[in-house]
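Colleague:
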Amino acid sequence: MNLELSLVLPLGLASLVGSAQAQVFVDGTIAGDSYGPARSVQAVQTQFGDNFSELDAGYATTNSGRMYIALTGNIEANFNKIELFIDSRAGGENVFSGIPGNDGTGSMTGLTFDSGFEADYHLILRRGFSQFDLDIAELGTPNFSSYIDVFGGLLEGSGVTGIGPANASPIEVAYDGSNVAGVIGGCDPADLVAAEAVLTGLELGIALSDLGNPVGEVRILAFVNNSNHDFASNQFLGSLGAPQCNLGGDGLGNFTGVLNFDLGTFSGDQFFVFTAGDLPSDDFSYADGPLVGNGGWNNHSGTSGDMLVSGGQVVVQHGVPSEDANIPFAPVAGAIYYGIDFSVDDLGHPYVGTDNEYFAHFRTEFNFSARLDVVPAPGGGDFSVGIASDDSTADAIWPADLTYGTTYRAIVRYDQVTNQAQLWIDASVDTDPSIMGDDQADPGDTVDSFALRQSDSDENETLRVDNLIVGTSFDSVTGGAGCTSNDDCDCATPILDGVTPFSTLGATTDGPLDANCQFDGQTYNDIWFIYEATCTGDLEVSTCGTVDYDSDLVVYDGTDCNNLTTLGCNDDFSGCAAFSSLVTVPVVSGNSYLIRVGGFLDGDVGSGDLSVTCTAAGLPNDNCADSIPISDGVTPFSTLGATTDGPVDANCMFDGQTYHDIWFTYVALCSGELEVSTCGTADYDTDLVVYDGTDCDNLVTLGCNDDALGCANFSSLVTVPVVGGNSYLIRVGGWQDGDFGTGDLTVTGPSPGGTNYCKGALNGDGQNGSMSMSGSVSVAANDLVLVASELTDSSFAGLFVMGDTQAMVPFASGFLCIDLGGTFIRLNPIINGGGDVISRAVDNTAAPANVITPGSTWNFQYWYRDDPAFGTNLTDGIGICFAP
1008 MNLELSLVLP LGLASLVGSA QAQVFVDGTI AGDSYGPARS VQAVQTQFGD NFSELDAGYA
1068 TTNSGRMYIA LTGNIEANFN KIELFIDSRA GGENVFSGIP GNDGTGSMTG LTFDSGFEAD
1128 YHLILRRGFS QFDLDIAELG TPNFSSYIDV FGGLLEGSGV TGIGPANASP IEVAYDGSNV
1188 AGVIGGCDPA DLVAAEAVLT GLELGIALSD LGNPVGEVRI LAFVNNSNHD FASNQFLGSL
1248 GAPQCNLGGD GLGNFTGVLN FDLGTFSGDQ FFVFTAGDLP SDDFSYADGP LVGNGGWNNH
1308 SGTSGDMLVS GGQVVVQHGV PSEDANIPFA PVAGAIYYGI DFSVDDLGHP YVGTDNEYFA
1368 HFRTEFNFSA RLDVVPAPGG GDFSVGIASD DSTADAIWPA DLTYGTTYRA IVRYDQVTNQ
1428 AQLWIDASVD TDPSIMGDDQ ADPGDTVDSF ALRQSDSDEN ETLRVDNLIV GTSFDSVTGG
1488 AGCTSNDDCD CATPILDGVT PFSTLGATTD GPLDANCQFD GQTYNDIWFI YEATCTGDLE
1548 VSTCGTVDYD SDLVVYDGTD CNNLTTLGCN DDFSGCAAFS SLVTVPVVSG NSYLIRVGGF
1608 LDGDVGSGDL SVTCTAAGLP NDNCADSIPI SDGVTPFSTL GATTDGPVDA NCMFDGQTYH
1668 DIWFTYVALC SGELEVSTCG TADYDTDLVV YDGTDCDNLV TLGCNDDALG CANFSSLVTV
1728 PVVGGNSYLI RVGGWQDGDF GTGDLTVTGP SPGGTNYCKG ALNGDGQNGS MSMSGSVSVA
1788 ANDLVLVASE LTDSSFAGLF VMGDTQAMVP FASGFLCIDL GGTFIRLNPI INGGGDVISR
1848 AVDNTAAPAN VITPGSTWNF QYWYRDDPAF GTNLTDGIGI CFAP
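Residues 1008 to 1891 in the working numbering are what the sequence shown spells out, letter by letter.
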């Protein structure tokens, strides 16, 4: 192992490696850095704890021979790990080999990455004990370097490592844990806007020469793991799909001691992509004012300073402003791409005219390629866009009408060899629909900058441009948000309960036919939403009376766009005006559903309000006052749809609360220990509480548990003392808000029967007198017979006694096993007669044994004359708990 204490980062080191094009300061915040837009944004809430361990967004860029990576969010100071895998060169591992195995990473041997991801390097970031550590390993080789306490005794700060077998140049690292926003705790869909708004977290600067000198696509995977590398969280970048709880060691949330699941079984790619080689990206997060002078932008035509930034977007205004601006980069071979988000301000009428001016393009000097312009809509809508390979006017026009004020993502490919451009709008993969510009004379221009242009057109329209990425592949320029509209099923937009305005203007049709739905089984010009049920019950989806066209609605079970199962559909609902729709389907809390909104006929498009309402069927024991009886044994349960109504107890759980709780009432058959457990049987992080009595207004906690030692998947077990015949409340819930699911509740209480205790002393025959019983312990059966055995053969008198309190005190020649200070009863008459075995029936219907009741525990013993010594002795005791 190469262990080196790291040096504190010299003042200004980060600034020395920056440039006007992509200035990055490794200080734990992306504020002021030129990373451009997020490459991946967290789509899932964190189950490792809100503001403890979360990855909100991933950023990457290169500059001056270094790769800079930023992961916004938090990592807990308990030596949990951020696992960072980099695929930066040919070859690598699609299945993690565990070599070189530093920091115990052999426990991840067999972890399979997504197709197309072959890890070359593995970095481990961890903090705890007032230190921050960093490991780097070259996978499949013995080369690794481990740097302890990079920040010099601090958990946060900036530092620089030494050099070692896996890094010939120092690595810059910084961590700022001040984030209190971002994603919240749970397994549900995250707030993408809040996640992307986080600015602080982890930053790294690594020499490209230590990563194989990559040029072109680099793939990065980051996730939060536990301290032993064998229990993965649900915090991955690229993000997992929601809802998703912790993956654990097996991908199902279970602790197995190893981590070897297949990421290919999860939706999407669990990595993000960027292009190495200093190709630019920009999210235009500058102060309002001129663009030129920020982030490496230059003027190449017109009045300098009149292309403006406003609200984090570039305003491209055809008409009076005249400035054209560009951002340069080093040329690359082959195809090159740019991706931008853009919208067009409302002109008050559809775009018309023939003087259509391009507003974005590649350039070299004054040779312009892959020009994008605004043109009249082919279907009479607001506008559309066109693409030109090497001309000043569009060679091809996007066939769908676009809408003013709506943000679209344009991806443009320019093949510098064949001199041809290609355009996608709101595409998620390169096989989505696109249009091609003319195939111009070969070869094309070798471009070295991207430009935005302002000129005069018939309409002098205003455009707003954001989130520029230039790259060498389609995936590298899609941007952090991925899909930018919900026209396709794969790009369904998360929706919540309530009312959501929508428009199907410009939408295509991509959903399947269903012969049980609508006029011809098809829902035309559809858009898609994804909904996670907030209750178990009925989901009502409605456009009733709110739309300006003939709408159709379909709800599907699950989110697999390739295997859609219809739950319900509707075209025209009775009582809903203007051919609007309403459909009601059964749902289960926590499950996800696809909602498809479209039109009755091809061409039926418009706008309206989509109303989503979940009405809970109601769990019978959701509230304490409605607790249901439970007895010993295993009881399946579900907290799906449960609310939270129990009190906080500061001695229990994470914040004292047990969330999404259900209630049971338990009557102890006997006195003793009661064990309540969900150990290894629940599919979520459970909490258990047991209360004395059944008064919901005055609950007294007997015991509680969140995670029991040895119980997988954060399940629970609690043991409390109980008194036979008394009643108790059992509360089953989750560790934090959003933790709910199903499992088995096992209740094991003290059971009726007899148990020997105390001891019998040696008697004159060298035996220890012993108590036993025959018959049953049922009060109703009343057939209990007490048996005293191993007495002396010549014993001639004795007496059975009973009491409610056990003891063991010397008495006569033996031990008295019943406390004389409690209830002590002689079961007269004295038995006269000798023998080794004496028995007596106990009649619980007559005094004095009529104190025996169901659930009560009584202790019995036999006193006898010990002949030939003519002393007295006693058997051992037997405690009997009585059943009804």
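Using N, Cα and C, we set each Cβ at its ideal position, and we do this for glycine too.
Going by DSSP, which residues form a beta bridge with H1129?
Modeller: Per DSSP, F1092 and A1144.
Colleague: Shortest alpha-carbon distance to F1747 belongs to which of P1406, T1650 and Q1277?
Modeller: The option with the nearest alpha carbon to F1747 is T1650.
Colleague: Flag this pair as touching only if the region 1427-1442 and the region 1281-1299 have three or more C-beta atom pairs under 8 Å; answer yes or no.
Modeller: Output reads no: the region 1281-1299 does not touch the region 1427-1442.
Colleague: For F1607, count neighbouring C-beta atoms within 10 Å of its own C-beta (all shown protein chains included) and say buried if the count is 16 or more, exposed if not.
Modeller: Under this definition F1607 is a buried residue.
Colleague: Tell me D1699's beta-bridge partners as DSSP assigns them.
Modeller: Its beta-bridge partners are V1707 and Y1735.
Colleague: Please name the residue, chosen from S1152, A1458, C1551 and E1145, that lies closest to V1619 on a Cα-to-Cα basis.
Modeller: For V1619, the nearest C-alpha among the options comes from C1551.
Colleague: Roughly how far, in whole angstroms, is the beta-carbon of H1325 from the beta-carbon of S1464, given that I think they are within contact range, below 8 Å?
Modeller: About 5 Å; that satisfies the 8 Å criterion.
Colleague: Y1869: which of C1824, I1859, P1861 and L1266 sits nearest, CA to CA?
Modeller: If we check each option's Cα against that of Y1869, C1824 comes out closest.
Colleague: Would a C-beta distance cut-off of 7 Å place T1693 and S1722 closer than the cut-off?
Modeller: Yes; because the gap between Cβ atoms is below 7 Å, this pair is in contact.
Colleague: Assuming Y1600 contacts D1545 (C-beta within less than 8 Å), just tell me the rounded distance between them.
Modeller: Not really, about 12 Å apart at Cβ, beyond 8 Å.
Colleague: Could you check where the alpha helix (DSSP H) with A1201 kicks off and where it finishes?
Modeller: Here the alpha helix (DSSP H) through A1201 covers L1199 to A1204.
Colleague: Answer yes or no: do L1055 and S1246 have a C-beta to C-beta separation smaller than 7 Å?
Modeller: The identity of residue 1055 in the sequence shown is Phe, whereas the question assumes Leu. Cβ atoms of F1055 and S1246: not closer than 7 Å.
Colleague: Going straight from the alpha carbon of T1762 to that of V1792, what length do you get?
Modeller: In a straight line, the C-alpha of T1762 is about 15 Å away from that of V1792.
Colleague: By the three-class DSSP mapping on this structure, what secondary structure does A1632 have?
Modeller: A1632 falls in the helix class under three-state DSSP.
Colleague: Using DSSP's beta-bridge definition, name the partner residues of E1210.
Modeller: E1210 is bridged to A1077 and A1181.
Colleague: I'd like to know if the region 1667-1679 and the region 1776-1788 are in contact, where contact means that at least 3 CB-CB pairs between them fall below 8 Å.
Modeller: Taking 8 Å as the limit for Cβ pairs, the verdict is that the region 1776-1788 does not touch the region 1667-1679.
Colleague: Have a look at L1270, D1449, N1374 and A1514 and flag the residue whose alpha-carbon is nearest the alpha-carbon of G1388.
Modeller: Selected option, being the one with the closest Cα: A1514.
Colleague: Are the CB atoms of P1759 and V1794 within a distance shorter than 7 Å?
Modeller: It is not a contact, given that the beta carbons lie outside the stated cut-off.
Colleague: By DSSP, does N1720 sit in helix, in strand, or in coil?
Modeller: Note: N1720 maps to helix in three-state DSSP.
Colleague: I'd like the list of long-range same chain contacts for G1319, defined as Cβ closer than 6 Å, with 5 residues on each side in sequence excluded.
Modeller: Within the same chain, G1319 has close Cβ partners F1291 and S1292.
Colleague: For A1249, which of V1419, I1537 and P1149 has the nearest alpha-carbon?
Modeller: Looking at the Cα atoms, I1537 is the closest of the given residues.
Colleague: Take every Cβ of the region 1466-1485, pair it with every Cβ of the region 1350-1357, and state whether three or more of those distances are shorter than 8 Å.
Modeller: The region 1466-1485 vs the region 1350-1357: in contact.
Colleague: Is V1187 helix, strand or coil when you go by DSSP?
Modeller: It is coil, neither helix nor strand.
Colleague: Once you ignore the five residues that flank G1135 on each side, which residues in its own chain have a CB closer than 7 Å to its CB?
Modeller: Closer than 7 Å at Cβ, skipping near neighbours: A1084, N1085 and F1086.
Colleague: Could you check if G1745 is buried or exposed, using at least 16 other CB atoms within 10 Å of its CB as the buried criterion?
Modeller: By the neighbour-count rule (16 or more Cβ atoms within 10 Å), G1745 is buried.
Colleague: What number of angstroms, rounded off, separates the C-alpha of C1888 from the C-alpha of S1846?
Modeller: If I take the Cα positions, the gap works out to 19 Å.
Colleague: Relative to the C-alpha of L1695, which residue among D1702, T1708, C1703 and D1704 is closest?
Modeller: Among D1702, T1708, C1703 and D1704, the Cα nearest to that of L1695 belongs to T1708.
Colleague: Is it buried or exposed, L1228, if we count other Cβ atoms within 10 angstroms and call 16 or more buried?
Modeller: With 16 or more other Cβ atoms within 10 Å, it is buried.
Colleague: Under 7 Å between the Cβ atoms of Y1344 and V1454?
Modeller: No, they are not a contact pair.
Colleague: Mind listing, in chain order, the continuous beta strand (DSSP E) runs of no fewer than 3 residues lying wholly within the region 1637-1663?
Modeller: The region 1637-1663 contains these whole beta strand (DSSP E) runs: 1640-1645.
Colleague: Tell me, please, whether the region 1087-1098 touches the region 1120-1133 by the rule of three or more beta-carbon pairs shorter than 8 Å.
Modeller: The region 1087-1098 is in contact with the region 1120-1133.
Colleague: Please state whether the Cβ-Cβ distance between Y1358 and F1390 is less than 7 Å.
Modeller: Contact flag set, yes.
Colleague: Determine, using beta carbons only, whether L1676 and G1648 come nearer to each other than 7 Å.
Modeller: Taking 7 Å as the Cβ cut-off, L1676 and G1648 do not qualify as a contacting pair.
Colleague: Hey, how far is the Cα of P1149 from the Cα of A1540?
Modeller: Taking the straight line from one Cα to the other gives about 49 Å.
Colleague: Kindly indicate which three-state DSSP category G1318 falls into: helix, strand or coil?
Modeller: If DSSP states are grouped into helix, strand and coil, G1318 belongs with coil.
Colleague: Consult DSSP for G1113 and reduce its assignment to one of helix, strand or coil.
Modeller: The answer is helix: DSSP assigns G1113 an H, G or I state.
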